[in-house]
Structure formats: C-alpha cells, structure tokens
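Have a look at the structure below before the remarks.
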Amino acid sequence: AFSDISTAYHKIRSSQKDKALRRIWVKPTRFGSEFQEPWVKAHACTAQFGDKLAGAFCALAIEDCANRFMSPTSCQLLKRDIMMDDVLLGLWDKDDNLIREFAQDVDDGLNKGNLSVKEWVFSGEDKPTFKYLSYLYHPLSDCFSPKVRINWSKIKRGARVGEDLLKIEDLKEYCQKYPLTKRAVASLVMGMV
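For what it's worth, the working numbering labels the leading residue of the sequence shown as 519, then goes sequentially.
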C-alpha cells in the first residue's frame with residue numbers, strides 16, 4: 519500500500535529553536551533592493567518544501583504519530599518505510615484485508631496527529647500510474663519503472679526550448695528536428711543530459 523501525506527510540509531510547525539536558527543532578511547511588502555523599505559527579520563512557521571531539513575522533519579513527524587497513535591504492528595510497518603512525505607506499508611502476506619486494516623490504522627493515527635493521506639493505492643489495483651520516490655509505479659502490475667526525460671533541444675534561460683521525446687517511434691523525426699552535436703553526445707556519454 520502506497521500513499522502521500524496531503525500538504526505535509528505546511529502542516530508541520532517549526533519549534534521556537536528551529537525558528538531562531540532559520541532566520542532570513544526580507545522586505546515587508548516588496549522584494550528587491552530598489553524599494554526603499556528597511557529589511558526585517560523573518561522566519562518560516564512551517565517546514566518549507568525544498569528546505570534541506572524539511573524531508574527529515576516530515577519523516578520524524580510521521581514517526582511521532584506512529585509512536586503515539588498506532589498499534590505496535592502498524593507503527594513498525596510504517597516506520598520501516600517512510601521517505602519524506604511518502605509512506606509505504608509492505609507485507610509479504612498477500613492477504614488484502616490485512617493490509618487494508620493496517621492502512622486504516624495508519625490513516626486514523628495520522629489524522630489524530632493532523633496529518634492525512636491523499637489516497638491509498640494498493641498493489642494489484644487497476645489505478646493509473648503515479649510517481650513514487652522519483653520512479654513511476656504501476657499498481658496493476660506491481661512494477662516500478664524509471665522516469666526518463668529525453669530532450670536534446672537547445673537550452674534558453676535554463677530551460678529546454680523544445681518538447682520531450684515521448685515515443686520511441688518518433689526518434690528518427692526527433693533526431694532530424696534536434697540533431698545531436700558533439701557537445702550533446704559528450705554530455706550524454708558523461709550522463710549529464
């Protein structure tokens with residue numbers, strides 16, 4: 519069973535010590551040095567997505583909910599496989615009712631801690647493919663696949679100007695539209711594209 523905590527980063531509040539260590543300087547109403555406002559100290563009251571410590575904060579908050587509000591078995595299952603705000607409940611036993619009971623216990627425990635899951639997806643269900651830990655997961659076949667992006671178009675202002683190659687059948691046409699340069703081939707070989 520897989521799930522993702524709904525808006526987890528915005529639900530985890532920073533402690534007073536965390537706030538004191540993570541201060542920033544901002545202009546109160548506008549950004550930029552051209553505005554003649556004084557700089558003021560500020561801090562984030564919740565974990566911020568992209569902050570290096572936010573994933574660890576989130577995992578610890580989920581673990582705290584598990585310790586306080588869940589049965590020992592559900593707690594152990596959940597704590598074994600937490601990654602940032604993504605959770606996994608894995609059982610070797612194929613008993614569908616058992617994993618659903620654990621998922622319900624985890625759901626109830628997280629709700630008591632003001633964290634809620636978006637939706638549980640169970641292996642073998644006929645549901646659409648979704649992203650899990652930077653991979654694509656296919657619930658019906660219970661398989662993972664890498665998320666590959668192929669785009670050889672030029673880079674302008676840090677972004678690719680052309681579309682991605684989506685089908686292998688379009689490779690010949692794509693290569694004619696965006697021919698590979700020596701530099702592109704070298705960066706492909708070095709694994710940089």
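By construction, the Cβ of each residue, glycine as well, lies at the ideal position given by its N, Cα and C atoms. Only a predicted model underlies this, so the values are computations on that prediction, with no experimental measurement involved.
**Message:** So if DSSP puts I530 in a beta bridge, which residue, or which two residues, is it bridged to?
**Reply:** DSSP, once it has assigned bridges, lists no residue as partnering I530.
**Asked** Anyone know if the C-beta pair for E619 and K597 falls short of 7 Å?
**Response** No Cβ-Cβ contact shorter than 7 Å links E619 with K597.
**Asked** Is the beta carbon of L607 less than 7 Å from the beta carbon of A519?
**Response** Against a cut-off of 7 Å, the Cβ pair of A519 and L607 comes out as a contact.
**Request:** Verify whether the separation of the beta carbon atoms of Q566 and A572 is less than 7 Å.
**Result:** Cβ distance < 7 Å, so Q566 and A572 count as in contact.
**Request:** May I ask which residues mark the beginning and end of the alpha helix (DSSP H) holding P590?
**Result:** Per DSSP, the continuous alpha helix (DSSP H) segment holding P590 begins and ends at 590-598.
**Request:** Within the same chain, show all residues whose beta-carbon is closer than 6 Å to that of S592, passing over the 5 residues directly before and after it, in chain order.
**Result:** A distance below 6 Å between beta-carbons, with the five flanking residues on each side excluded, links S592 to the following residues of its chain, in chain order: F620, D623, V624.
**Prompt:** Rounded to whole angstroms, how far is the Cβ of S712 from the Cβ of C563, which I believe are closer than 8 Å?
**Reply:** With the chain represented from 519 up to 711, any question about residue 712 goes unanswered, as that position is not in the structure.
**Request:** Evaluate L628 with the Cβ neighbour count: other Cβ atoms within 10 Å of its Cβ, from every protein chain shown; 16 or more gives buried, anything less gives exposed.
**Result:** Around the beta carbon of L628, 16 or more other beta carbons lie within 10 angstroms, which makes this residue buried.
**Request:** Count the other C-beta atoms from every protein chain shown that fall within 10 angstroms of the C-beta of L609, then say buried if there are 16 or more, exposed otherwise.
**Result:** Exposed, since its Cβ has fewer than 16 Cβ neighbours within 10 Å.
**From I600, D660, L616, M588, residue whose alpha carbon lies closest to that of K630** = When each option's Cα is compared against that of K630, the closest is M588.
**Asked** Since Y650 is in the beta strand (DSSP E), which residue starts that stretch and which ends it?
**Response** Unbroken beta strand (DSSP E) run through Y650: 648-650.
**Item:** Cβ neighbour criterion (16 or more within 10 Å) applied to I542
**Value:** Exposed, by the Cβ-count rule.
**Request:** Please report how far the alpha carbon of K570 lies from the alpha carbon of R540, in whole angstroms.
**Result:** If you take the alpha carbons of K570 and R540, they lie about 12 Å apart.
**Prompt:** When DSSP labels each residue in this structure, what does K559 get in the three-state scheme?
**Reply:** The answer is strand: DSSP assigns K559 an E or B state.
**Message:** Can you look up R618 in the DSSP assignment and give me helix, strand or coil?
**Reply:** Helix at R618.
**Outcome for C693 when other beta-carbon atoms lying within 10 angstroms are tallied against a minimum of 16** = Flag for C693 reads exposed.
**Prompt:** Going by DSSP, which residues form a beta bridge with M601?
**Reply:** Paired residue(s): D604.
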